[in-house]
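Structure first, commentary second.
Residue numbers (my numbering), protein chains in the order written: chain A, 6 to 230; chain B, 6 to 230.
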């Protein structure tokens, strides 16, 4: 593989993935693609810009999907100001399968756009940072989802694109261990769904991150100061 | 079915589909969704606005994907000013399978966005105007494509969405006959890829349209004056 595109949000998963593709897999020409899809805050994107530079990517494009919040109005706590980001402790039962932080069909949209970007540029391989979900889950981060997305893209009669998610069977703790080997600076990643000055510590994403650092026996540099 | 969303471009296929869903299927609450994805002209969208009003839809939203031309730069004659729209006569051999007018992964992107729009609003059924292609073809208008897209969306654990393409086995001439029964005014549709004052008559889309009107034994009102 001499070229690849990495979907980069600036969170732990996609940041580790970016450095894995550049250093671990040694792909020569790596591009990164980030999306503004109406998230309530821009902390993740700042981290994405920092990490893309640190990884020395060939190109980092940011796509502003300004319309997305309106498109999915009422659909998600991540994009609708009227819906509060829940605490992990609030999630239970069926809600764990599709929490309020689920954004309607987001991953299919982002992967479709990334595939178009790659296809137009003759890049055959696209990476995204789905990983094994232990505490709660989204249907659009599963191995079945990945397989079916590739089933759609496999019909292309011209320059086809394939999506890879090498972390899809890995826990976040496994990712952190890999990232530590690759020298990833997690002080420049952002995970909290709320985006205040410091991570809130209560949202599902913060709770998962804290659990992963603990399981990996590492300190989270974001909480160090 | 009491609610539906129709993907409406303002071309013959989606216009006929809109009126079919409203009048033919008698769905009570129909919404329409159109996209600006960097097409070289806005003639289709004008037609879409006119037809949505004529059909009396509940809502017609237009999503401006201004970034799309840049995302797929170099990828298509429909969105890149540097690539000429071909004449039908120029297409032959393998080019018929993926002509220069193919837009990288467009239909997967538009259907993903439409599914998100529908999911956020509790609309379970989305219609799109893919039809049988006789002269040339796109992989993202085939029955296999539709089936696999629904395979992805079928994994949703919450309010799932299903895509319907009732014309996928029909010719354009069949569509015109149906449209005539439904009283569709094809004078307010736009098919030409070029978007000049009058249809060019040479691009693949114009040639198909002319053939369909001829096969249906109808006059094209766009060419009448």
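Every residue, glycine too, gets a C-beta built ideally from N, C-alpha and C.
Under the three-state DSSP convention, the category residue i falls into
i	result
residue 168 of chain B	strand
residue 219 of chain B	helix
residue 94 of chain B	helix
residue 107 of chain A	coil
residue 16 of chain B	coil
residue 197 of chain A	coil
residue 88 of chain A	coil
residue 113 of chain B	helix
residue 207 of chain B	coil
Spatially closest choice to residue i from the options, by CA coordinates
i	options	result
residue 190 of chain A	A:202, A:156, A:57	A:57
residue 62 of chain A	A:42, A:49, A:76, A:28	A:28
residue 142 of chain B	B:73, B:123, B:171, B:96	B:96
residue 161 of chain B	A:146, A:204, A:223	A:146
residue 198 of chain A	A:6, A:14, A:72, A:39	A:14
residue 76 of chain B	B:69, B:66, B:109	B:109
residue 25 of chain B	B:215, B:228, B:188, B:227	B:188
residue 163 of chain B	A:47, A:106, A:21, A:92	A:106
residue 169 of chain B	B:151, B:67, B:138, B:53	B:151
residue 68 of chain B	B:208, B:74, B:40	B:40
residue 74 of chain A	B:195, B:200, B:179, B:118	B:118
residue 8 of chain B	B:226, B:23, B:16, B:19	B:23
7 angstroms Cβ cutoff, residue i in contact with chain B
i	result
residue 109 of chain A	yes
residue 114 of chain A	yes
residue 173 of chain A	no
residue 133 of chain A	no
residue 152 of chain A	no
residue 198 of chain A	no
residue 42 of chain A	no
residue 231 of chain A	The displayed coordinates of chain A run from 6 to 230. Any statement about residue 231 of chain A would go beyond what the structure contains.
residue 117 of chain A	yes
residue 103 of chain A	yes
residue 144 of chain A	yes
CB contact check: residue i to chain A, cutoff 7 angstroms
i	result
residue 20 of chain B	no
residue 167 of chain B	no
residue 121 of chain B	yes
residue 67 of chain B	no
residue 72 of chain B	yes
residue 125 of chain B	yes
residue 149 of chain B	yes
residue 156 of chain B	yes
residue 77 of chain B	yes
Where the beta strand (DSSP E) containing residue i begins and where it ends
i	result
residue 11 of chain B	8-12
- Counting only runs of 3+ residues fully inside the stretch 120-188 of chain A, write out the beta strand (DSSP E) ranges in chain order. 130-132, 167-169
| request: Could I get the ranges of all uninterrupted beta strand (DSSP E) runs contained in the stretch 21-81 of chain A, with 3 residues as the minimum, in chain order? | output: 34-41, 64-69
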